[in-house]
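Those protein sequences? They're chains A and B, same order as listed. The letter at position 40 of the first sequence is residue 49 when you use the numbering used here, and the numbering goes up by one with no holes. The letter at position 104 of the second sequence is residue 109 when you use the numbering used here, and the numbering goes up by one with no holes. Input: a single structure, listed below in structure tokens.
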Amino acid sequence: MDDLVQRFLAGDRRALARIISRVENETAEGREYLRQLFPHSGKTHILGITGGAGSGKSTLTGALAGEYRKRGMTVGIVAVDPSSPFTKGAILGDRIRMQDLALDPGVYVRSMAGRGALGGLAPAIADVVAVMDAFGFDVVIIETIGAGQDEVEIAGTAMTTILVNNPGTGDDIQALKAGIIEIADILVVNKADHPGADVLVSQLQALLTLSPAGSRRPPILKTIATKGEGMDKLADAVAAHHEYLESSGVLASHREEDARHQVLAIARQILLERIRQSTSEEALAGLVHRVASRELDPHSAAEELASGVSH
Amino acid sequence: MSPTTTAHIRVLIAKPGLDGHDRGAKVVARALRDGGCEVIYTGIRQTPEMIAEAALQEDVDVVGLSILSGAHLELFPRVVEELKKRGVDDVLLFCGGIIPEDDTESLLKLGFSAVFRPGTNTQDIVKFVYDHVKK
């Protein structure tokens, strides 16, 4: 194997950057790097920061990373922005909000395009996070694409999920629908200097009283990320959640669950590739046509497709 | 063939120096995005160190610098130097903005493959990137 892995393990950030590209592009080479580096991962606390577009996720990510630096910890950041569904291109602009960290040798920021994945993440996110974990950062923060009510995938990859809310973005019925709120380990009311912040805090509190008995109630914290306000309390809340995860055994089961999810997702991908490889374009087009003309239903067509795969 | 396995060209669009007008940089970023590139835009007032560090961390294939202040012969050599210092020596470099014709020669010598001026068709920039990128 080339010296990229050696350089990576010696802490060379350019080697890290290069390996991430290969892993992100899901090449055979990338998979080989991941195979070698994966045993070095599993030590880092992985945070997810999610919330609506414009809620302040990037600014909060930068400010929280600054707080970790004050505490002497190193931070890796993966910031995901959406790809165009038509051209597959993307504008990745999250670094703009993290300028204070630009030259800090204890911080590494990587922008990733969503590349059509659902859930506010990117297809290779788990692999890229594993590589950053293996590099030895004390914390890795994943910042999702602006999420709506239902982008909950982040909770699988991250150990602690922070949901960023803002005052003035809907009444308590929006909050009552929950959805994404259910995955939050910590609720943040950012832009807390805007009118309505306290109302939102009490609405969220009221909502949490409706949670099933015995479930862990996420703390609600007010922040003003642009001024760095509330970051010490946020970092403390993350640490408290981490401690809870470890002492309760939830962390171990979370790892098992996430591993199961990943293995099955990759297996699904492999099977799909096999089906595509063992089916001629004409055969597929024929099946598709029979479905389109209502001669055959899609389930039967898929059964026929899958039955042709040799193992 | 899954669309997720395609390698995309990654481009850093950066504005060194103190001028605060980034309309041109944004137009070029958007054109490249519409051309299928993943474009990292870092905003205004970047130092040469910040630009080189972003290029390293983001592992870009292309760096495009935009400048209107007239300080290009001052700042661009420092960007190139900072890139080299970090071992980022294989990216495609181009620049644009208010840059006199007379300076083209020195910029090409410095390692820039093209200088784009006001009035350039953005499609020419996209084509330039696809034709010259080292993939």
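Yeah, the Cβ is synthetic: ideal placement off N, Cα and C, and Gly gets one too.
Run down chain B in chain order and give the residues with a C-beta less than 7 Å from the C-beta of residue i.
i, result
"S120 of chain A", "I45 and E63"
"S30 of chain A", "D64"
"Y117 of chain A", "Q62"
Taking a contact to mean a Cβ-Cβ separation below 9 Å, would you say residue i touches residue j in this structure?
i, j, result
"T166 of chain A", "I55 of chain A", "yes"
"L374 of chain A", "L314 of chain A", "Any property of residue 374 of chain A remains undetermined from this structure, which presents chain A solely from 10 to 320."
"R106 of chain A", "G71 of chain A", "yes"
"V148 of chain A", "R119 of chain A", "no"
"V120 of chain B", "L88 of chain B", "no"
"N175 of chain A", "G102 of chain A", "no"
"I229 of chain A", "L196 of chain A", "yes"
"R22 of chain A", "I45 of chain B", "no"
"G51 of chain A", "T83 of chain A", "no"
"A36 of chain B", "K20 of chain B", "no"
"T96 of chain A", "R15 of chain B", "no"
"L23 of chain B", "S74 of chain B", "yes"
"G155 of chain A", "G60 of chain A", "yes"
"D194 of chain A", "T170 of chain A", "yes"
"V173 of chain A", "L69 of chain A", "yes"
"T127 of chain B", "V65 of chain B", "no"
"D241 of chain A", "E76 of chain A", "yes"
"V96 of chain B", "G40 of chain B", "no"
"G48 of chain B", "Q278 of chain A", "no"
"A122 of chain A", "I134 of chain A", "no"
"A139 of chain A", "L25 of chain A", "no"
"D27 of chain B", "H77 of chain B", "no"
"G239 of chain A", "A201 of chain A", "yes"
"E43 of chain B", "A111 of chain A", "no"
"I28 of chain A", "I150 of chain A", "no"
"G25 of chain B", "I72 of chain B", "no"
CB of residue i to nearest heavy atom of the ligand ZN: below 8 Å?
i, result
"G295 of chain A", "As for the ligand ZN, it is missing from this structure, which has no ligand bound."
So which residues on chain A does residue i lean against when the C-beta distance must stay under 7 Å?
i, result
"E58 of chain B", "A111 and L112"
"G101 of chain B", "Residues of chain A passing the Cβ test: none, with the nearest at roughly 17 Å."
"A12 of chain B", "N34"
Show which residues of chain A have a CB atom less than 9 Å away from the CB atom of residue i.
i, result
"A30 of chain B", "Correct list: empty, because the minimum Cβ distance to chain A is about 11 Å."
"G41 of chain B", "S93, T96, K97 and G98"
"E54 of chain B", "A111 and L112"
"H137 of chain B", "Per Cβ cutoff of 9 Å: no residues; H137 of chain B is ~18 Å from chain A at best."
Within 10 angstroms of its Cβ, does residue i collect 16 or more other Cβ (buried), or is it exposed?
i, result
"G98 of chain A", "buried"
"G129 of chain A", "buried"
"P204 of chain A", "exposed"
"N199 of chain A", "buried"
"I18 of chain B", "buried"
"E63 of chain B", "buried"
"S309 of chain A", "exposed"
"L112 of chain B", "buried"
"T218 of chain A", "exposed"
"K231 of chain A", "buried"
"E35 of chain A", "buried"
"E304 of chain A", "exposed"
"E58 of chain B", "buried"
"D306 of chain A", "exposed"
"M6 of chain B", "Low confidence applies here, because M6 of chain B scores a pLDDT of 30, under 50, leaving its location unreliable; read the following figure in that light. Exposed, since its Cβ has fewer than 16 Cβ neighbours within 10 Å."
"A246 of chain A", "buried"
"S256 of chain A", "exposed"
"G92 of chain B", "exposed"
"D129 of chain B", "exposed"
"H13 of chain B", "buried"
"P132 of chain A", "buried"
Please compile the residues from chain A whose C-beta is within a distance smaller than 8 Å of the C-beta of residue i.
i, result
"H92 of chain B", "For the sequence presented, residue 92 of chain B should be read as Gly rather than His. R23, listed in chain order."
"R35 of chain B", "I100"
"R38 of chain B", "S93, T96, G98, A99 and I100"
Going along chain B in order, which residues have a C-beta closer than 9 Å to the C-beta of residue i?
i, result
"Y42 of chain A", "Here the premise fails: no neighbours, minimum Cβ distance about 13 Å."
"R104 of chain A", "I45, Y46, T47, G48, A59, Q62 and E63"
Return the first residue and the last residue of the alpha helix (DSSP H) that residue i is part of.
i, result
"A24 of chain A", "R22 to E33"
"K79 of chain A", "K66 to K79"
"M141 of chain A", "I134 to F144"
So the beta strand (DSSP E) residue i belongs to, where does it begin and stop?
i, result
"H137 of chain B", "Unbroken run through H137 of chain B is the alpha helix (DSSP H), T127 to H137; no beta strand (DSSP E)."
"F17 of chain A", "Premise fails: F17 of chain A lies in the alpha helix (DSSP H), L13 to L18, not in any beta strand (DSSP E)."
"F121 of chain B", "A119 to F121"
"V161 of chain A", "Note, V161 of chain A: premise wrong, no beta strand (DSSP E); not H, not E."
"E152 of chain A", "V148 to E152"
"L17 of chain B", "R15 to A19"
"A99 of chain A", "A99 to L101"
"L56 of chain A", "H54 to G60"
In chain B, what lies closer than 8 Å to residue i by C-beta?
i, result
"A26 of chain A", "L61, Q62, E63 and D64"
Continuous alpha helix (DSSP H) assignments of at least 4 residues falling wholly in the region 29-117 of chain B: 53-63, 77-90 and 109-115
Those runs of the alpha helix (DSSP H) which lie wholly inside the region 211-249 of chain A and span at least 4 residues: none
Start-end ranges of the alpha helix (DSSP H) lying completely within the region 264-308 of chain A, minimum 4 residues: 290-301
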